[in-house]
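Report on one structure; see the data block that follows.
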Amino acid sequence: MMLTDLSKEKNKVVGLKQTLKVINNGQAAKVFLAEDVDQHIKDKILQASKDNDVLVETVESKLTLGRACGIDVAAACAAILK
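Position 7 of the sequence shown, counted from 1, bears residue number 7 in this note's numbering, the numbering being contiguous throughout.
Next comes the structure, spelled out in structure tokens:
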């Protein structure tokens with residue numbers, strides 16, 4: 001799935017807390033992570049994704065990711081649900 005398909009996807013979550021929750025519960029099929037997030041956020045998402053075998057795709061900026069999710073604010077991360 002490409003970033004452009006993210007806005008059409010109905011089964012998704014946006015934001016750090018929700019993304020970490022679905023990764024750790026084994027519900028995430030793919031994670032999108034903005035490159036310009038703080039390092040501690042990036043580390044949390046990458047470690048959780050690695051531990052749960054979830055593919056991570058990086059996105060150039062939080063603003064780009066937020067727009068791709070169909071919201072008007074920046075987003076650090078998002079996940080597509082299985």
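Think of the CB as a built atom: it goes at the ideal place given N, C-alpha and C, for glycine as much as any other residue. Keep in mind the model is a prediction, meaning the values are calculated, not measured.
ask   = Can you tell me the Cα-Cα spacing of K82 and E35, whole angstroms?
value = 24 Å
inquiry  = Given this structure, state the Cα-to-Cα distance separating S26 from L65, to the nearest angstrom.
reply    = The question names Ser, yet the displayed sequence has Gly at residue 26. The C-alpha of G26 lies about 22 Å from the C-alpha of L65.
ask   = Got a sec: is the Cβ-Cβ distance from E57 to anything in chain B below 8 Å?
value = Note that chain B does not occur in the displayed structure, where there is just one protein chain.
message = DSSP has C77 in a bridge; who is on the other side?
response = C77 pairs with L33.
request  = Kindly indicate which residue of V37, D5, E9 and T58 has the alpha-carbon position closest to the one of V31.
outcome  = When only C-alpha atoms are compared, the closest one is T58.
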